[in-house]
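Just so we're aligned, residue 95 is where the sequence shown starts under the working numbering, counting upward by one. We put the CB at the ideal spot given by N, CA and C, even for glycine.
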Amino acid sequence: MLEVFLTEERKRFRQEARDLVKSIPRQLILDMDADKIEFPHEFVGEAGRRNLLGIRFPGKYGGRDLKWVDEIIEIG
């Protein structure tokens, strides 16, 4: 992704998502990529604790009021 198009806020958000992935054991990530497991509790739980699930939902429902672009940044 071209850095020039990202606001500082979106760069921080992208770093949050990267930090999540770095906090999960490598083998768990590899197993998810290989379709050996789906939605492991450890990963989903940590994403929830970091408020990285449902990011496009309104804040009043526990989301972050973000846009679809932010969701792409998160999974990218």
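Element boundaries [alpha helix (DSSP H), containing residue i]
i: glutamate 132; result: Neither: glutamate 132 is in no alpha helix (DSSP H) and is coded neither H nor E.
i: arginine 164; result: The displayed chain sequence assigns aspartate, not arginine, to residue 164. Aspartate 164 -> alpha helix (DSSP H) spans 162-169.
i: asparagine 97; result: Before going further, note that residue 97 is glutamate rather than asparagine in the sequence given. Element bounds for glutamate 97: n/a, residue is neither H nor E.
i: leucine 124; result: 120-127
Sub-8 Å separation of residue i and residue j beta-carbons
i: phenylalanine 137; j: leucine 122; result: yes
i: arginine 144; j: tryptophan 162; result: no
i: arginine 104; j: aspartate 164; result: yes
i: isoleucine 167; j: arginine 108; result: yes
The stretch 124-132 / the stretch 148-159 touching (three or more Cβ pairs under 8 Å): no
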